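Step one of this worksheet: look at the structure below.
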Amino acid sequence: MGERTFDLEEAERLLPHLEGWLRAAVEGKRKVCEMECEYAGLVKSIVLRGGCLVDVAHFSRRRREKEEWETRFQEAVQAIQDCGCLVKDLEIGLVDFPCRLEDREVYLCWKLGEPSIQFWHNTDEGFAGRKPIDEKLAAQLKRYPLV
């Protein structure tokens, strides 16, 4: 686990910032993948045809666009990580917040589109191991100070 840990309230306060960055990262990854597929299709077409004329200006422009999207994507992911959060899945927009629960480390788990942090899981579990945060657990997660 990284150096920073969160309590539930602190993690909740970050959500408005994280939502924007995470949306940018998800969209950036999608755009980059889309452009890589477009380029792979061109290469395949050239190979299958034994060569062909290529609109060099178009693909040069697309390459620059891809580089711009890659930069946006990387900056968004870095902003999330700089906060101390863990980017877990950019397909569904999943972020974990390192947290202490009693004497163990756990993750508060938030998915893009969820109104608040409603789930947690042990560090050796993933998305499938998410458990709901009930009132009793929420109180415990607020009691433990930052480490």
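Here the sequence shown stands for residues 3 to 149, numbered as in the working numbering. We treat Cβ as the ideally placed atom computed from N, Cα and C, and that holds for glycine. Just so you know, these numbers come straight off a predicted model, no measurement behind them.
*Measure the alpha-carbon distance for L110 versus C85 and round it to whole angstroms.*
14 Å
*For F99, which residues does DSSP report across the bridge?*
L110
*Could you say if the region 120-132 and the region 28-43 meet the contact criterion of at least three C-beta pairs nearer than 8 Å?*
no
_So, at 8 Å on beta carbons, what are the nonlocal neighbours of K133 in its own chain, with the 5 sequence-adjacent residues on each side left out?_
F121, W122, H123
*Nearest-angstrom Cα distance between E14 and V58?*
48 Å
*Helix, strand or coil for F129 per DSSP?*
helix
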